[in-house]
Amino acid sequence: MEKPKDIKVLSDTTKNTFFTSYLVLFGYTIITLVEAIRTPSVNVRHIMNIETAISLVAGMVYGYFNEEIKKPGVDLKDITKVRYVDWSITTPLILLVILLFYNGEGAIDYRTYLTIAGLNAGMLLTGYWGETGYWSKMMGGVVGFGFFGAMLAIIWRMKKQKIFAITS
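Numbering (my numbering), first residue to last: 165 to 332.
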């Protein structure tokens, strides 16, 4: 018997990918939490605490995905909306970790971080608009990558000005 065309069936690969991501993220959460507790370095501890928060949020989102895909007729477009909420929480924290990790001074100018976080928000918003049909996918992708390029340019400029302790 043929299935109705309006019911979407997720492949086993998609389901397994969601579950594997869930397991990896919670494993990573445990590792970063243990290392945050063990490390004697205050700066490293702060970075590991942020990493723990990032992986915990992402793990909870993938736990939600795993529950949603069990429901009949789940639409991946609904999951896409939740992914963007997840990214709006985790990517600013990831960027903060990158800036703190590579900065030899252990601190960054808040204006620089806010600029990068604002560009990140622009990237996510335009990507979301492209995914949800408010804009075309092409427009969302092109403008989103423009914001991404601007973020990379700022980080590159910081490296060139020797604000970062990155070695080439």
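Even for Gly, the Cβ is constructed at its ideal location relative to N, Cα and C. Please read these numbers as outputs of a predicted model, since none were measured by experiment.
Under 8 Å between C-beta atoms of residue i and residue j
i: T254; j: V221; result: yes
i: T276; j: I318; result: yes
i: L263; j: I272; result: yes
i: T216; j: T193; result: yes
i: I214; j: L174; result: no
For residue i, the nearest candidate out of the options (CA to CA)
i: L260; options: N180, V208, S175; result: V208
i: V246; options: M224, A281, G308, N284; result: M224
i: T244; options: L288, F190, V206, D273; result: L288
i: V188; options: Y226, S175, V198, T177; result: Y226
i: K241; options: F190, V198, G297, V307; result: G297
i: K235; options: W320, K179, E295, F311; result: K179
i: S219; options: A281, W251, V307; result: W251
i: I233; options: V206, M322, E199, T177; result: T177
i: R321; options: V198, N267, W299; result: N267
Rounded Cβ spacing between residue i and residue j (contact assumed at less than 8 Å)
i: Y292; j: Y248; result: 5 Å
i: L283; j: M315; result: 5 Å
i: F309; j: G286; result: With a Cβ gap of about 11 Å, F309 and G286 do not count as contacting.
i: G305; j: G313; result: The Cβ separation is near 12 Å, so there is no contact.
i: N230; j: F190; result: Rounded, the Cβ-Cβ distance is 11 Å, inconsistent with contact.
i: F265; j: I211; result: 6 Å
Reduced DSSP category for residue i - H, G, I as helix; E, B as strand; rest coil
i: K169; result: Model confidence at K169 stands at a pLDDT of 46, short of 50, so the residue's coordinates are unreliable; what they give is reported in the following sentence. DSSP places K169 in coil when its eight states are reduced to three.
i: S332; result: A caution first: S332 carries a pLDDT of 42, below 50, which makes its placement in the model too unreliable to give a value.
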